[in-house]
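Visitor: I'd like to ask you about the structure that follows.
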Amino acid sequence: MTAGGGEWSELALHTARLLLRPMRESDAVILHELWTERDPRVPPHRRIDALGRPTVEDLEEAIRSHPPTTVGLLAVQLVKTGDVIGYCGLVDSGRPVNGEPELAFELLRRHRGQGYATEASLAVMDWARSSGHERLWAGVWDWNTASRQVLAKLGFLETGHPELDPTRGATLFTTRRL
1 MTAGGGEWSE
11 LALHTARLLL
21 RPMRESDAVI
31 LHELWTERDP
41 RVPPHRRIDA
51 LGRPTVEDLE
61 EAIRSHPPTT
71 VGLLAVQLVK
81 TGDVIGYCGL
91 VDSGRPVNGE
101 PELAFELLRR
111 HRGQGYATEA
121 SLAVMDWARS
131 SGHERLWAGV
141 WDWNTASRQV
151 LAKLGFLETG
161 HPELDPTRGA
171 TLFTTRRL
């Protein structure tokens, strides 16, 4: 894995098969497709609503109005074809530990099961380590076995303190020392 640029807005992480780079407005189409593919158990505010929102235009505006800072989601792009297949990066949601970034990833269904999420996450983890982060965490729904398997491959361990939602299941919190 190689990195280019010190600022998140200039960051480019390279692996054998992937380029991870800051989001562009043109990536909104892929983000919209990800929103449409989400499991119905995902909370409504993270899915396309009855009015079709967020639209591609809404997502373009979100990309435009939220320039990258020291954390953010990177587009995951296949080196071979140039296709964007999802995102991976660090987010600061403030939970469960304020100030510690969360590893987040999501890929289009047709690109799952090929090791891309693990490869992209390893690149982000290497960058996080070299940037001085000592620990990352990741939240995952208990029913999301694919993401749980990726996190286990990456060495994340469950904390044993789930957040229960009677409708959607439990959010499991996992951590990994870098």
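Here the sequence shown is numbered in UniProt numbering, starting from 1 and rising by one per residue. Just so you know, even glycine gets a beta-carbon here, dropped at the ideal spot from N, CA and C. Treat the numbers as computed from the prediction; the structure is a model and nothing was measured.
1) Would you call the region 166-178 and the region 133-149 in contact, with 3 or more CB pairs under 8 Å?
2) Nearest-angstrom Cα distance between Leu122 and Leu154?
3) Per DSSP, what kind of secondary structure is Asp58 in: helix, strand or coil?
4) Tell me the rounded alpha-carbon separation between Asp126 and Ala120.
5) In the DSSP output, which residue or residues are listed as bridge partners for Pro22?
6) Under DSSP, the beta strand (DSSP E) around Leu103 begins and ends at which residues?
7) Just to confirm, does Ala123 get its C-beta within under 7 Å of one of the non-hydrogen atoms of the ligand ADP?
8) Can you tell me which of Gly132, Ser26, Arg21 and Arg41 puts its alpha carbon nearest to the alpha carbon of Asp142?
9) Which residue's Cα is closest to the Cα of Ser65: Tyr87, Glu25 and Glu100?
10) Between the C-alpha atoms of Gly72 and Val150, what's the straight-line distance to the nearest angstrom?
11) In three-state terms, what does DSSP make of Leu126?
12) Taking 8 Å as the cut-off, decide whether the C-beta atoms of Leu51 and His32 are in contact.
13) Does the distance from the C-beta atom of Gln77 to that of Leu19 stay below 8 Å?
14) What residue does the beta strand (DSSP E) around Leu31 start on, and which one ends it?
15) If Arg21 sits next to Ala28, beta carbons under 8 Å apart, how far is it from one beta carbon to the other, in whole angstroms?
16) Excluding sequence positions up to five away, which residues of its chain have a Cβ less than 8 Å from the Cβ of Leu91?
17) For residue 253, list the residues DSSP reports as bridge partners.
18) Kindly indicate which three-state DSSP category Ala50 falls into: helix, strand or coil?
19) If you draw a straight line from the alpha carbon of Gly99 to that of His111, how long is it in whole angstroms?
Guide: Reading it off the structure:
1) yes
2) 7 Å
3) helix
4) 10 Å
5) Leu74
6) Glu102 to Leu107
7) Absence of the ligand ADP from the depicted structure is noted, as is the absence of any ligand whatsoever, leaving it without description.
8) Arg41
9) Glu25
10) 20 Å
11) The sequence as given places Asp at residue 126; Leu does not occur at that position. Helix, per DSSP.
12) no
13) yes
14) It is not in any beta strand (DSSP E) - Leu31 instead sits in the alpha helix (DSSP H) that spans Ala28 to Glu37.
15) With a Cβ gap of about 15 Å, Arg21 and Ala28 do not count as contacting.
16) Before going further, note that residue 91 is Val rather than Leu in the sequence given. Result list for Val91: Val71, Gly72, Leu73, Pro101, Glu102 and Ala104, in chain order.
17) Outside the modelled stretch of the chain, which goes from 1 to 178, sits residue 253, for which no answer is possible.
18) coil
19) 32 Å
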